[in-house]
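Q: There's a structure below that I have some questions on.
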Amino acid sequence: MTDDQFDAMVASLEARYQGKHPALARRAAFLAILGYAGLAFFLIAGAAIALLMIAWVIFSPNLLSIKIGALLGIPAAILTWSVFRGLWVKLSAPVGVEVKRGESPALFSLIDSISKEAGGVNFDTVLLTGDMNAAVVQNPRLGVFGWYKTYLLLGVPLMDSMAPEEFKSVLAHEFAHLSHQHGRLGTWLYRLRASWLRVMASLAQHGAPKPVLAFINWFWPRFNASAFVLSRSQEYQADAFAAKVTSPQSSAMALQRLVVDSRRLDDGFWDEIGAETSTSSSPPHDVFHRMHAFLGTMPDAPLATRWLTGALAMKTNTADTHPGLKDRLSALGVSIQPDAVPPLPASRASDAFLEPALIKSARDHFSKEWHMGIGTHWQETHREKLKLIKRLEAPFPGTPDGRWSEIAVRARLFGPRKIQEEIVHFLADHPDHVTANYARGVYLAEKDDLAAIPHLEKATVRPGLLHNALGAMAGLYDRLGRAGEIPGLRRRAQSREAQVDRAMHERSEISATDRFLLPKLSEEEMAEFVGLVGQHHEIRAAWLVQKHVVEYPEWRSYFLVLDMDPRVSQETGMKILQEVVEDVSIDAHVLAIRKTPDNAKVVATIVKMDGSALQVSHGK
C-alpha cells in the first residue's frame, strides 16, 4: 500500500468514526485478534506439515516419501521459521544511568504523585539518558504476545531545559499512555501497535514466504490505520491529562520549549562542538556539562521565532501519531504568537528533582560515553580538515569552477553557515551555477526560508542532485504548512527517476565498447588534473578521457585511469582515487579507476588514444 493510499484510509476512518472511538477500538481489536489468528495458523500449519513430512521420511523411507517430504517439508519449515523469527523480536534494553528511589527522593515523589493521579502506573526501571526527550519504553518479552518490562527514560538535557512544572507536564503525558486514561482496550491497542511495528520491521528485514506476505499486506494496513487513528486521539487525551496534572499553560510552554531547544541544540550547540575538529585532535571530555551551560542561555530571538513559526505551520499528518503543534495547542485552549519565545525558567527541573551528586555523575557518564563513541570519527574528521587546510594553501584555478571549488573546501572546513556570504557573492556573478545554487538552497531550506526554492529548482537540472533538491523542497513546504505542494514534487521525482538512474549508471561504469573522446578542457583545467595526480607519488602514470553519454549530455563525464605502484594496498589505492576526485574543481562528473588486470581491456582502449596521457610530474 502506498503512502497516499494509507493517508486516504486514515482520513476515511477519522471521518467514519468521529466521536465513535469505542467502535473504532473494537474494530482494531477484531483486526488484532485476526492478526494473531493468521500468524498462529501459519505457525501451526507450517510446523505440522514439516513434522508430518519428517515422520513420513523416518518411518517410511522410500523415493516417494523423500521427494514429497522435501517438496512440502522444506517450504513448511521455512514458513514456520520465518513467522517465528518475525514474532520473536528480541529488543535490547534501553541504556542510561539507573536511578534508585533512595538516590533521588524528589524525583520519585514526583513520579509517585503523577502515578497516583494516573490511576497507578508502575515502572520496573527509571533511567537518566543523554537525550532531549522523556519516554516510556515497554519491551515485550514475547513479541506481539506481550509480557512487558517497563522503563521510564528521563533525558537530562530535557530536564536542563525545562522548568519543574513543564517537565512534570511532559512526564504526565507519558504516564497517560500507560494509565487507564485511554480505557483498558485503548491502552492494550497502543502497546500492541508498537509491538506490531517491530514485528513488521523484522519481517521486512529477514523476508517472509509469499503466503505470509499476502496475509500481512492485507492485515497490516487495516490494523495500522485503525490503531493509528486511535493513537492520534490518545495523544490528545495524554495532553489533556498533562494539562490537568499541571495547567494548560505549563503544557503549552513545555511543547514550545521542546521545539526551540531541540533545534538550537542541533543547529547551534552541536555545530559549535563539531567546529572544534579543525583545531583539536580529540573530542572534549565535558560535552554534557557544556550542554547544561548552553541550555541556561536565552536562544537567539529571530531564530527561535523562525523555528516556532515553522512548527506552528506544520500540518498534522500520518508521518507521526503526534498531532502538529498548532493542533495540540488549540486542543489545550492555548494560542501563542510565533515571536513569543519561551523565557528562561526561574529554576530547572534537573536542579529541582535530582540530587547534585547524581546529576554531576550522570553528566560525567554521558560525556565519557559520547567521547568514547565519537573518538574514531572525530580523529578521522580532524585529519580530513588538516588536509583541507593544506588544500587551501595551494592555488585554485582562476576559472569560475576553481573559485567555487575553493568555496566548497571552505564550507567543508568551517561549515556551510560561515561561507554563505561568499556563496551569495559567487551567485551574483554566476547565477546558474548548479552546485552553488544547491548549496545555497539547502542552507536556506534548513532555515525554513522560502527563498530556497528558486535555488533548489536550478539544482534539479543535475541528475545527481535532483532527488535531494526535491526532498529539501518537500521538507521546507511541510514545515511551512504547505503540504499540498509535496505531491507535485513526488510526481516530478517519479517521472524522472528512470532517466536519472540511466544517467548515473552510464557515468558509474565503463567498458571497452563505450565511446571515448579526448577531454575538451582549457589549459588551466588540464593543468589542474596534472597537478592533482602529481601530488601522489604512488601514481606512476595517468590517462584522462571524456565519455560520450546519452542522458544529460551537458553534464560532462570524465574517466581518470591511474597506474599505481603495485606495492600500494587496495585500501590506500581507494583513498588516493577518492582524494583526487574530491579535489577536482570542474563542474562535471569525474570517476577515477586504478589500472588492474581486471580492467585491462578498457584501460588498453583508453591508453591507445593519442592525447589521453597526462604528463605526470612529482614534486620533490
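Each step along the sequence shown adds one to the number in the UniProt record's numbering, with nothing skipped, and position 274 is 274.
Even glycine gets a Cβ: it sits at the ideal position worked out from N, Cα and C.
Give me the Cα-Cα distance between HIS21 and LEU230, rounded to the nearest whole angstrom.
A: Position 21 of the sequence shown, counting from 1, holds the residue named residue 21. Position 230 of the sequence shown, counting from 1, holds the residue named residue 230. Those two C-alpha atoms are separated by around 7 Å.
Q: Measure the C-alpha to C-alpha separation of ASP598 and HIS505 and round it to an integer number of angstroms.
A: Translated into the one-based positions of the sequence shown, residue 598 becomes position 598. Translated into the one-based positions of the sequence shown, residue 505 becomes position 505. Near 19 Å, if we compare the C-alpha coordinates of HIS505 and ASP598.
Q: Tell me, please, whether the segment 524-539 touches the segment 568-587 by the rule of three or more beta-carbon pairs shorter than 8 Å.
A: The answer is yes - the segment 568-587 touches the segment 524-539, with three or more Cβ pairs under 8 Å.
Q: Which residues in the same chain as SER508 place their Cβ atom closer than 8 Å to its Cβ, once the five residues preceding and following it in sequence are excluded?
A: Here residue 508 refers to the residue found at position 508 when the sequence shown is read from its first residue. Counting only Cβ-Cβ distances below 8 Å, and skipping sequence neighbours, we find LEU591.
Q: Please state whether DSSP places SER109 in a helix, a strand or coil.
A: For the purposes of this step, residue 109 is taken as residue 109 along the sequence shown, with counting starting at 1. It is helical.
Q: So, with DSSP's three-state summary, where would you put ALA512?
A: Residue mapping note: residue 512 aligns to position 512 of the sequence shown, counting from 1. Correct three-state label for ALA512: coil.
Q: For GLY119 and SER113, I'd like the C-alpha separation in whole angstroms.
A: Mapped onto the sequence shown, residue 119 falls at position 119. Mapped onto the sequence shown, residue 113 falls at position 113. One C-alpha to the other measures close to 10 Å.
Q: Verify whether the separation of the beta carbon atoms of LEU476 and VAL500 is less than 8 Å.
A: Taking the sequence shown and counting its residues from 1, the one referred to as residue 476 is at position 476. Taking the sequence shown and counting its residues from 1, the one referred to as residue 500 is at position 500. Cβ atoms of LEU476 and VAL500: not closer than 8 Å.
Q: LYS608: which of ALA512, GLU551 and TYR552 sits nearest, CA to CA?
A: If you number the sequence shown from 1, residue 608 lands on position 608. That would be ALA512, whose Cα lies nearest to the Cα of LYS608.
Q: Going by alpha carbons, who is nearest to ARG306 out of ARG263, THR321 and ILE407?
A: On the sequence shown, residue 306 is found 306 positions in, with the first residue counted as 1. Closest by alpha carbon: ARG263.
Q: Going by alpha carbons, who is nearest to TYR438 out of LEU427, LEU456 and LEU450?
A: Position 438 of the sequence shown holds residue 438. Cα-wise, what sits closest to TYR438 is LEU456.
Q: For THR316 versus ASP327, is the C-beta distance shorter than 8 Å?
A: Residue numbering aside, residue 316 sits at position 316 when the sequence shown is read from its first letter. Residue numbering aside, residue 327 sits at position 327 when the sequence shown is read from its first letter. In contact: THR316 and ASP327 (Cβ atoms closer than 8 Å).
Q: Check whether the segment 73-83 and the segment 100-109 are in contact - that is, three or more C-beta pairs closer than 8 Å.
A: No, the segment 73-83 is not in contact with the segment 100-109.
Q: Please list the terminal residues of the continuous alpha helix (DSSP H) segment that includes GLY375.
A: Locating residue 375 in the sequence shown gives position 375, counting from the first residue. 356-393 is the span of the alpha helix (DSSP H), which, as asked, contains GLY375.
Q: At which residue ranges does the segment 117-181 contain complete beta strand (DSSP E) runs of 3 or more residues, listed in the order of the chain?
A: Taking only runs of at least 3 residues, the beta strand (DSSP E) segments lying wholly in the segment 117-181 are 125-129, 134-140 and 148-155.
Q: Using the Cβ count rule (16 or more neighbours within 10 Å means buried), how would you classify GLY130?
A: Here residue 130 corresponds to residue number 130 of the sequence shown, with the count starting at 1. Buried.
Q: Use the C-beta contact count for PRO164: other C-beta atoms within 10 angstroms, 16 or more gives buried, fewer gives exposed.
A: Indexing the sequence shown from 1 puts residue 164 at position 164. PRO164 should be labelled buried.
Q: Can you have a look at ARG515 and say buried or exposed, based on whether 16 or more other CB atoms are within 10 angstroms of its CB?
A: Within the sequence shown, numbered from 1, the residue matching residue 515 stands at position 515. So ARG515 counts as exposed.
Q: Quick check: the Cα distance between ALA498 and PRO463, rounded to an integer number of angstroms?
A: For this step, residue 498 is matched to residue 498 along the sequence shown. For this step, residue 463 is matched to residue 463 along the sequence shown. So the alpha carbons of these two residues sit roughly 11 Å apart.
Q: For a minimum of 4 consecutive residues, which ranges assigned as the alpha helix (DSSP H) are wholly contained in the segment 543-614?
A: Listed in chain order, the complete alpha helix (DSSP H) runs (minimum 4 residues) inside the segment 543-614 are 570-583 and 600-607.
Q: Can you find the residues in the same chain that come closer than 7 Å, C-beta to C-beta, to ALA134, ignoring five residues on each side of it along the sequence?
A: Position 134 of the sequence shown, counting from 1, holds the residue named residue 134. Same-chain partners within the cutoff: LEU153, LEU154, GLY155, LEU158, VAL170, LEU171 and GLU174.
Q: Should GLY155 be counted as a contact of the ligand NAP given a C-beta to heavy atom distance under 7 Å?
A: No copy of the ligand NAP occurs in the structure displayed, which carries no ligand at all.
Q: Start and end of the alpha helix (DSSP H) containing LEU465?
A: Within the sequence shown, residue 465 is the residue found at index 465, counting from 1. That run of the alpha helix (DSSP H) goes 463-479.
Q: Short of 8 Å in beta carbon distance, which residues of its chain neighbour HIS433, apart from the five on each side in sequence? Order them along the chain.
A: On the sequence shown, position 433 is the one that residue 433 refers to. Same-chain partners within the cutoff: PRO400, TRP404, PHE426, LEU427 and ASP587.
Q: Would you mind giving the Cβ-Cβ distance between ASP124 and SER350, rounded to the nearest angstrom? I have them listed as a contact below 8 Å.
A: Counting from one through the sequence shown, the residue named residue 124 turns up at place 124. Counting from one through the sequence shown, the residue named residue 350 turns up at place 350. Wrong, their Cβ atoms sit about 23 Å apart, outside the cutoff.
Q: If VAL260 sits next to PRO342, beta carbons under 8 Å apart, how far is it from one beta carbon to the other, in whole angstroms?
A: Within the sequence shown, numbered from 1, the residue matching residue 260 stands at position 260. Within the sequence shown, numbered from 1, the residue matching residue 342 stands at position 342. That belief holds up - the Cβ atoms of VAL260 and PRO342 are roughly 6 Å apart, short of 8 Å.
Q: Under three-state DSSP, which class holds ALA541?
A: On the sequence shown, position 541 is the one that residue 541 refers to. The answer is strand: DSSP assigns ALA541 an E or B state.
Q: With contact counted as at least three CB pairs below 8 Å, one residue from each stretch, are the segment 358-370 and the segment 96-104 in contact?
A: Touching, yes.
Q: Can you tell me whether ARG479 is buried or exposed, with buried defined as 16 or more other CB within 10 angstroms of its CB?
A: Here residue 479 refers to the residue found at position 479 of the sequence shown. When all chains shown are included, ARG479 counts as buried.
Q: Using the Cβ count rule (16 or more neighbours within 10 Å means buried), how would you classify HIS285?
A: Taking the first residue of the sequence shown as position 1, residue 285 is located at position 285. Result: exposed.
Q: In the structure shown, what three-state DSSP assignment does VAL97 receive?
A: What you label residue 97 is simply residue 97 of the sequence shown in a count that begins at 1. In the structure shown, VAL97 sits in a strand (DSSP, three-state: E or B).
Q: Measuring only the C-alpha atoms, how far is LYS620 from THR376?
A: What you label residue 620 is simply residue 620 of the sequence shown in a count that begins at 1. What you label residue 376 is simply residue 376 of the sequence shown in a count that begins at 1. Reliability of the predicted coordinates at LYS620 is poor, the pLDDT of 49 falling under 50, and no value is obtained from them.
Q: For ARG410, which of MET314, SER278 and HIS292 has the nearest alpha-carbon?
A: Translated into positions along the sequence shown, residue 410 becomes position 410. Closest option to ARG410, Cα to Cα, is SER278.
Q: I'd like to know whether the C-beta atoms of ARG540 and MET564 end up nearer to each other than 8 Å.
A: To locate residue 540, count along the sequence shown from 1; it is residue 540. To locate residue 564, count along the sequence shown from 1; it is residue 564. Yes; because the gap between Cβ atoms is below 8 Å, this pair is in contact.
Q: How long is the line joining the alpha carbons of VAL603 and VAL545, rounded to whole angstroms?
A: As a position in the sequence shown, residue 603 is number 603, starting the count at 1. As a position in the sequence shown, residue 545 is number 545, starting the count at 1. Roughly 11 Å separates the two Cα atoms.
Q: Helix or strand or just coil, what does DSSP make of LEU456?
A: On the sequence shown, position 456 is the one that residue 456 refers to. Of the three classes helix, strand and coil, the one that applies to LEU456 here is helix, per DSSP.
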